[in-house]
Structure formats: C-alpha cells, structure tokens
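J.: Sending over a structure as structure tokens; questions will come in a sec.
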Ligand code: ANZ
C-alpha cells in the first residue's frame, strides 16, 4: 500500500484522530474564541482591577518581547522563538496566580519601507501597514496570548505624539550635577535670573539677548543642537554612520566620496547620565555579558589631565590614565582636527628637524594640511586599529614636559581621536604599544620609567615591544621636587596627581568613552521634531497642544543628492522641500509669528526607547501613562529596587544601543517625576538563534534547502552532490522555513512544542523540519490517551489512579512547573513527554484527575489542544485562567534504594536512602551507622569509596 493509502485507511478507522486538519480546525476555533472573549486582556489597577479586590491582590508580571520591525518578507520560523517562549512563560504565570501583561506592538519606522517608497513611489505607511497585517496574521496563527488592546505601532500619530512629548521633556530639562538628576530648564532660568547660579562667563542674564540666552541654555539642555562632525555624502544626499563608510572613505552604498563635515544636528546628552547608567546596572537581573558590554561602551576611565606648555602662553592638555609615567613622556600627539594645531605650527621647520618627521613637505603648514586631508577620509574605527601602520607628521612645535623639563616634539597622528579625552596625548613609548610603534617609525626617543618584570633591562631602545604593567615599580622618575622611584603604579599615580594639582598644572579626572547620542536623521520615515525656528534661528518647542506634529505628505521620499565631489553642500531633507509645511505662522504664546519647522526626523531608536510605558496605558489621551498604572506594573519592589519590566526577552545584538537609550529615557522621565521606575527592564534574557542548514553547490552558491535529498549521510540537489553547513535562516541562503508552512503541515501546537523542545532557550540550535514530526506524535498520543479515536468521546474513568501513575504524574508536575517558571522549556517538555509515555504504556482509560492535570500541564505549551481537551472533559471555562497543578510531595520523593555498606570488603550494614543522594551525604550516613561504627572499633579511616546511591566501601587505617 502506498503511504497515502495507509493514511486514508487510518483515517477511516480513526476519524477522530488528532491530525493536521483537526489541529487547523481546533486552533482556528480557539483563536476566534480568545479574541471574542478577551481572554488575554490584562486588567489595569485603576480600571478593571479597581472593583475586584481579589484580582487586585494578585502579584503582577509584565512580560515583554523586543519590539519587532514589520519586515515585508514576513516571519520565518526563527523569528517567533522568543515570542513563543514569553507566551509559554506568561501562560504559566497566569496559571500560578499572577496578573499578566503581555502584548506585542510594532517598531514600524525604518529604512526598508522608505527605500521601498523611493523605488516604487508607494507611501511607506502603505507598505508598512501591509507588512504589519501580514505579521499579525502569522502571529495570531501561533496562538500567542497577547492583550491586543495594548498593541501599539510607533508610526501611529497617537503613539508618536508621545515620542514627541518625551522629546520636549528632554529638551526642556538640564542635568543638575550636584543633585545628580534632571530638572526642568525653567528652574535653571530662574536661578540665572535671581543670581543663585552664575551664568557661564559671569555675564548678567538680564542683559543677554534672546539668542545669547538660547546659546547658554543649549549648553545645558539634555536635547540640544550642535555642530557635530559627521560623515557627509553629497552623492547620496545623506549623513552616514561610521559603519556605512568604507576603508577608503567612500559610501558603502553607491561608492561615493564621504566628507567629514560639521553640520547642525540634534543630540541627546546621555553623557550626563554615564555614572548612573553604570551604577544602576548592579541592580538589574541581566546576563553578565550584556552588563559588561554596557560597561565597556560607557567606558569609565580614571586618570588625570595634565598641561604641557607650548610657546609662551599656550598649553596642550592631555588626558592620561598613566600619569605615573609622566617622566617617560618623550613626545606628544594631537588629533589632526585639534584646534591648537593651527596656533602652534611655525612658519618653517626648526633647525635640525629629522627628515622622517616632515613627511617630505617643505613647511609644517603644508605637512599638516596634507595629513589632515588624509586623516579626514578615515573612520574612527580604522584610525584606532591596533595593527595598522602608524602615520603622522611633526607640527614643527615643541612642548615642555612638566616633570622632566624636556622639550618634546608635538606631532599630529590619526591614532589620536578628537572625540576622546582632550584629543591630545602625552606619548610614553616605552609603556604603551601604540606609542612604541609610532616612536619606532619616527625614530623618537623612549625612556623606561616602569621596571620591567622580565629580563629585558631598562634600556628601552633595545626592546621589541612596550612593557605594560600596572603592578611593577617606577624607575627613572625623579626631579628636585618629586620622586616616584620605587613606588608601585597605584601609589605613583596618586602621588603624581597630587603634585600636579598643587602646582595647578593638572588634576585627577574621570573620562567616559560614551558620547552624546546623535539624534537627527535626514529621512522622511521617522518622527518629526516638535521644534520650530524663529526668524533669528532660535529653536522653540511646540506646546503640547500642537502635538502630534504629523508627517506631511510628500511627492519624493528621497533626500536631494549633489555632485558627488562637492563637499561644500549640505543635506536637504525630504521634509525641507515641503515649503507649505516648513513655513508656518504660529502663536507660541507671544502672538502670531513666522517660523520654520525642523526638517530632520528622529532616529529609528526613538520609538523603542519608551514603548513599554505605552503598553501600560495605550489609549490615554491626556498622559503618557497614568502614574497609578505605571506604579502597579513597573514600580520598584523589594526584589527590584529600580523597578521595570519583569521579563524582557530578545536578541543579544541589542546589548548597547537600544538598551542604553531606553535606560537613559527612563531615567530622565523618572527624574522629572513622570514614572516611578528608574529602569525600563529589570530582567533581561537573550534567546539563542535558530540556525539553518545551508546547502551549497560546486560553485559555492546556495541551493533551495527544501529540495535537497539525503542519501547515506550525503546531500544531493538535482542529483548533484552539495555541501551542508550551518548558517542564518533567510531568503538569501534559500533556507527559510515559514511558520505558516509548519502550521499547515502539523498545526501551531506542534510548532510551538518543537521550537521549545529544540534545546535550552539561550542556546542557538539548527532547525530541522524532519524532526518536527516528533512533537506532532506527542500530541497525537496525548489526544489518544484522553479521546477515543473512533468515536471522539472522552475515555476517562472515575476509578482511582494507581500508585505508579500518581508518582509519574506528581513528578512531572513538580519538575515541569519548576522548569516553566525557570524558562527551561525543553526539560519541561521532556518531563511531560515521560508522563504521557507512561500513561500510553499503562493503557486503558485514564482516571479523570490524571487526564485533567495532564491537560493543565500541557496548557502553557500547547494551548489549543489543551483548551479542546478541557472542553471535552466537560468544563465550560477556558484553561487559560485555571490553576496550574500543584505536586503532592508525598508522591514526588522517590522510593528508597538500598545501599550496601562494607568495611574491609565485608557487608556490615544496609541503608535505605533516596536515589538522588549525593556521595557526601551517603558517606556521612554510612559512617554514622551503628553497625559500621562497631565494625571499625575506633580504628581510623584510610579511605572511603562511595558509589551513590548503592555502595559505600570503607578501608580502615
Ligand atoms: C599616557 C599613557 C602611558 C597612556 C601608558 C597609556 C599607557 P582608556 O583607558 O581607554 O581611557 N588616549 C587618551 N586620549 C586619547 C585619544 N583622544 N585618542 C587616542 N588615545 C588616547 O585610555 C586612556 C589612554 O589612551 C590614555 O593614557 C592615553 O594614553 C590614550 F603607558 O597616556 B595614556
């Protein structure tokens, strides 16, 4: 008989067997039921909860997935791994007495839709909404228990109204470093007015013009416009991120020249929060690796600033973390862009200038100009690459080392970055590897000031590499006033810092790697800034009543492009061409005046910085979020002093940017009193990736994975052998599998089980469509254990379950319950499978309580079949809010096993012990046994051999 015939025959014999067709029917019915019933609606404390003290008394769980971008390509089976996991967890939490808030919205602004719009003329909203609809359909099919009333999309004006509102809060506040918190800018203005705070430069606030006041406040605001050096690409008409610029200074897309150009851009003063962003990490339940990445990104360095005199009146201030090595500073380097460079460059090379220092140029000015042009074409990352050859030129100037009194040459070189520290360094070639390489290339002197711990000696000119250590002792470091010789590095640093500050030529300082966040984009498909400029160019915030400021309709979604080589151009954003929208007459409180709107848009990250708050209260038109609601779902608790979401699941790729930006916005909103949680996400969990096999033909091109055949462990496509490797899943590697295909073939419950059973959630694992059937069979056996496949009737009896079944049941409840709460879904499934197999093997109808508990156990993982069986078992309510089974401890402990205790090879005692007993425990029990003590007769013990739980062998001394 052919396979189809077998299946057809089976179906006639068993018309009520669990099949894909039946799963499709069950799943669609329950999905409709849940939607109509509002089964997953999470009650709010001010609304639904207020009248129900029993519900209000329950503990809460706010469970979130990272905000998805609705891609036009739809989902493949790798995407929902995290969504299924949070859903299973949320379902288990509901069944263990929690009020659960779980929903999913869309982070829907973004470049792909805009590029599609540029290419096709379709409005990005149209393609984005189509993509969202498709994704919602795909997600609904998986049976995810989301509170759909709370779903939001960042592109909805009702949502971005609040993104703009938050921008205004940030714009209208400043960081009070003494109080260590943000405060309204009006309080700063008041302090300038009444003189309780000095206006920078000691000026009189009342005497300042409006423009001057705006400039002063711009130095304080947490959102401010500044002239930032950016990668300007005239050929594309847009500013690019460092990552989008190639090694030879061209745009990755289109290969156009890129120029470092100063453009007026919005920034967020995240640096003001550097310390708090670091300190508060301690209170968060996040993977250590992510915390470490955030710490490194913030990059706190303790060191000193030191002034080196140049000429009569100028000084170069350097930032160093090794002020102890100041005696070893034999030259200096400025970043090529450093503003002092122009001041210090002399007209001609000084007498005796080393040939290699000049780069072959006739004058220092020429050398500097040439080198600057060269450096401008590189990204910061390339400039810092350790392995690269060191380049630079002498400026023609010398500075004075403040401790050795030596004249040291001042260079410019690209390995020193303008954006870090002071943009200038003292170079200590003996003890810094980059300085060492540079000094070798430019034949500069080196002085050893830290005694090497190996046998290379203290003549640095003979070394092959720098000696870097923070544990060795200082040498060659004394003048008439200070000696560090013999001191350890830590003490020498402290001594040097004191000495420098006493003389007013330096001070201890903390430096951060973190930079302010560049917040402008020259794009259409983003949130417009709620900012207008008056005729003097002063920025004014729009009043809240004018929000949302909606995106205007435009004809052309692309920015204006220019001659690729024309560096003297500046971006013209898609919004700027819309004169009617840009030029407005508004009354901002002082009569109707003419204004120009800001025409940049906000970056992609803006909408995802605060979305957790909107999930809480998505339809509130007066407030970002009702404080009582925020307090209930996210407020601090004893176990989470900074508050936040209870569980946040997503990929590790968001370690820094999104998570740092969201933390920053939370802190500003917290400081200003809008929310009670100082952190957005208390517990973070990174799920692994679903990988997929990629099959490549002889030329290395991927072939469609679905059409590859396996024979004897070898793989063939259209008869030709192909090579198999592991890779990402996706269209380009021709190995995408969609959840829709699997749902059609087996049902969503099978897909859910398979994804959860593949391995521990945080580990990456390869997808294998052929293995999915294993979970399908589990569900078929589950069904068959409760339902008669011929009649469709339930088969349970009212007879008492036997002891072995009760043991199997309660062990499964105990194990699976703990596993579900601990996100160990694969082992939970293994335990439920074991129980189900036991029930299959024992045969006969199940006792009703066993059948019911089995269904409840399965409910978080396979909710559709669980609902259906629950109904068949005669219940009229949904399984979703039923209590998860509780194990009876009497059945959980295993029966005892007998352990034989031998002394000198002879059996002296038999002990009844739990099978899981540890070697240590068993040894203690054996040695305490009366018969054993008697057999040893006070003799010492030479050796104890323990083979838990069955054997202990004691060898007396
Ligand atoms: C002298 C010295 C001696 C240094 C030594 C290091 C080792 P972190 O720890 O990352 O903060 N530096 C300072 N500003 C720089 C800039 N703008 N571009 C490139 N390098 C810069 O690094 C601080 C160290 O990096 C500083 O300490 C400085 O070199 C260098 F044995 O000063 B050090």
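Numbering (my numbering), first residue to last: 37 to 993.
We treat Cβ as the ideally placed atom computed from N, Cα and C, and that holds for glycine.
Which of the three DSSP states, helix, strand or coil, is assigned to residue 751?
T.: Start at 1 with the first residue of the chain shown, and residue 751 comes out as number 715. Strand, per DSSP.
J.: Go through its chain and collect everything with a Cβ distance to residue 393's Cβ below 8 Å, but skip five positions before and after it.
T.: Numbered from its first residue, the chain shown carries residue 393 at position 357. Contacts found: 429, 430, 445, 447 and 478.
J.: Give every residue of the same chain whose Cβ lies closer than 8 Å to the Cβ of residue 723, excluding the five residues on either side of it in the sequence, and list them in chain order.
T.: Taking the chain shown and counting its residues from 1, one reaches residue 723 at position 687. Answer for residue 723: 117, 118, 121, 685, 686, 687, 797 and 798, listed in chain order.
J.: Could you name each continuous alpha helix (DSSP H) segment of 4 residues or more that falls completely within the segment 901 to 967, going from the start of the chain to the end?
T.: Listed in chain order, they are 925 to 928 and 955 to 964.
J.: Going along the chain, which residues of its own chain have a beta-carbon closer than 7 Å to the beta-carbon of residue 703, five neighbours each way excluded?
T.: As a first step, residue 703 is located in the chain shown; it is residue number 667 there, counting from the start. The answer, listed in chain order, is 309, 312 and 714.
J.: Can you tell me whether residue 660 is buried or exposed, with buried defined as 16 or more other CB within 10 angstroms of its CB?
T.: Taking the chain shown and counting its residues from 1, the one referred to as residue 660 is at position 624. Burial call: buried.
J.: Relative to the C-alpha of residue 853, which candidate in 919, 498, 99 and 556 has its C-alpha closest?
T.: Here residue 853 is taken as the residue at index 817 of the chain shown, counted from 1. Closest by alpha carbon: 919.
J.: Answer yes or no: the CB of residue 307 versus the heavy atoms of ligand 1, is any distance below 8 Å?
T.: In the chain shown, counting from the first residue as 1, residue 307 sits at position 271. No, the Cβ of residue 307 stays beyond 8 Å of every heavy atom of ligand 1.
J.: Does residue 992 come out as helix, strand or coil in the three-state DSSP assignment?
T.: Along the chain shown, one-based indexing puts residue 992 at 956. Residue 992: strand per DSSP, three-state reduction.
J.: Could you tell me the alpha carbon to alpha carbon distance between residue 59 and residue 49, rounded to whole angstroms?
T.: Numbered from its first residue, the chain shown carries residue 59 at position 23. Numbered from its first residue, the chain shown carries residue 49 at position 13. Rounded to the nearest angstrom, the two C-alpha atoms are 18 Å apart.
J.: Using only the alpha-carbon positions, how far apart do residue 21 and residue 216 sit?
T.: Since the first and last residues shown for the chain are 37 and 993, residue 21 lies out of range.
J.: Grouping DSSP H, G and I as helix and E and B as strand, with all else coil, what is residue 302?
T.: Counting from 1 along the chain shown, the entry for residue 302 is found at position 266. Three-state result, residue 302: strand.
J.: Tell me whether residue 953 counts as near ligand 2, meaning its Cβ is closer than 8 Å to at least one heavy atom of that ligand.
T.: Within the structure as shown, ligand 2 is missing, the only ligands being ligand 1.
J.: Over the uninterrupted beta strand (DSSP E) stretch that includes residue 269, give me the two end residues.
T.: Taking the chain shown and counting its residues from 1, one reaches residue 269 at position 233. From DSSP, the beta strand (DSSP E) with residue 269 extends over 259 to 269.
J.: In whole angstroms, what is the alpha-carbon distance linking residue 39 and residue 689?
T.: What you label residue 39 is simply residue 3 of the chain shown in a count that begins at 1. What you label residue 689 is simply residue 653 of the chain shown in a count that begins at 1. Because residue 39 carries a pLDDT of 49, less than 50, the predicted location of this residue cannot be relied on, and the following value inherits that uncertainty. Cα-Cα distance, rounded: 45 Å.
J.: Measuring straight from C-alpha to C-alpha, what distance separates residue 706 and residue 712?
T.: As a first step, residue 706 must be located in the chain shown, where it is residue number 670. As a first step, residue 712 must be located in the chain shown, where it is residue number 676. Taking the straight line joining both Cα atoms gives about 6 Å.
J.: Express the C-alpha separation of residue 793 and residue 861 in angstroms, rounding to a whole number.
T.: Stepping through the chain shown from its first residue, residue 861 is reached at position 825. Stepping through the chain shown from its first residue, residue 793 is reached at position 757. Whole-angstrom Cα-Cα distance: 7 Å.
J.: Less than 8 Å between the CB of residue 356 and some heavy atom of ligand 1, yes or no?
T.: Working through the chain shown from its first residue, we reach residue 356 at position 320. Within the cutoff, so yes.
J.: Would you check if the distance between the CB atom of residue 157 and the CB atom of residue 76 is smaller than 9 Å?
T.: Along the chain shown, one-based indexing puts residue 157 at 121. Along the chain shown, one-based indexing puts residue 76 at 40. No, they are not a contact pair.
J.: Which term fits residue 983, buried or exposed, when burial requires 16 or more other beta carbons within 10 angstroms of its beta carbon?
T.: The count along the chain shown starts at 1 and reaches residue 983 at position 947. Its Cβ having fewer than 16 others within 10 Å, residue 983 is exposed.
J.: Any beta carbon from chain C within less than 9 Å of residue 739's own beta carbon?
T.: Judged by its chain identifiers, the structure shown contains no chain C, having just a single protein chain.
J.: Quick check on the burial criterion: 16 or more other C-beta atoms within 10 angstroms. Buried or exposed for residue 141?
T.: By one-based count along the chain shown, residue 141 stands at place 105. Classification for residue 141: buried.
J.: Drop a sphere of 10 angstroms on the beta-carbon of residue 287, count the other beta-carbons inside from all chains shown, and report buried for 16 or more, exposed for fewer.
T.: Translated into the one-based positions of the chain shown, residue 287 becomes position 251. It is buried - the Cβ of residue 287 has at least 16 other Cβ atoms within 10 Å.
J.: State the DSSP-derived secondary structure class of residue 618, mapped to helix, strand or coil.
T.: What you label residue 618 is simply residue 582 of the chain shown in a count that begins at 1. It is helical.
J.: Would you mind sorting residue 783 into buried or exposed? The rule is 16 or more other CB atoms within 10 Å of its CB.
T.: Translated into positions along the chain shown, residue 783 becomes position 747. Buried: at least 16 other Cβ atoms inside 10 Å.
J.: On a Cα-Cα basis, can you pick out the residue from 510, 96, 891 and 578 that is closest to residue 130?
T.: Position 94 of the chain shown, counted from the first residue, corresponds to residue 130. Considering only alpha carbons, the answer is 96.
J.: Which residue from 657, 191 and 817 puts its Cα closest to that of residue 641?
T.: In the chain shown, residue 641 corresponds to position 605, counting from 1. Closest option to residue 641, Cα to Cα, is 191.
J.: Which class does residue 399 belong to by DSSP, given the choice of helix, strand or coil?
T.: As a first step, residue 399 is located in the chain shown; it is residue number 363 there, counting from the start. If DSSP states are grouped into helix, strand and coil, residue 399 belongs with coil.
J.: Kindly indicate the opening and closing residues of the beta strand (DSSP E) around residue 368.
T.: The residue you call residue 368 lines up with position 332 of the chain shown. Element bounds for residue 368: 367 to 370.
J.: Ligand 1 heavy atoms versus the CB of residue 461: any closer than 8 Å?
T.: As a working mapping, residue 461 is identified with position 425 in the chain shown. Yes, since a heavy atom of ligand 1 falls inside the 8 Å radius drawn around the Cβ of residue 461.
J.: Pick helix, strand or coil for residue 322, following the three-state DSSP scheme.
T.: Against the chain shown, residue 322 aligns to sequence position 286. Coil.
J.: Would you kindly work out how many angstroms separate the C-alpha atoms of residue 365 and residue 424, rounded to a whole number?
T.: Numbered from its first residue, the chain shown carries residue 365 at position 329. Numbered from its first residue, the chain shown carries residue 424 at position 388. Roughly 22 Å between the two C-alpha positions.
J.: Name the one or two DSSP bridge partners that residue 644 has.
T.: By 1-based counting over the chain shown, the position of residue 644 is 608. DSSP, once it has assigned bridges, lists no residue as partnering residue 644.
J.: Have a look at residue 603 and residue 273 and give me their C-alpha separation to the nearest angstrom.
T.: For the purposes of this step, residue 603 is identified with residue 567 of the chain shown, where counting begins at 1. For the purposes of this step, residue 273 is identified with residue 237 of the chain shown, where counting begins at 1. Cα to Cα, residue 603 sits roughly 11 Å from residue 273.
J.: Excluding sequence positions up to five away, which residues of its chain have a Cβ less than 8 Å from the Cβ of residue 307?
T.: Position 271 of the chain shown holds residue 307. Hits under 8 Å: 548, 550, 551 and 552.
J.: Please specify which runs of the beta strand (DSSP E), each continuous and at least 3 residues long, are wholly inside the segment 334 to 393, giving them in chain order.
T.: List check, beta strand (DSSP E) in window: 336 to 346, 350 to 356 and 367 to 370.
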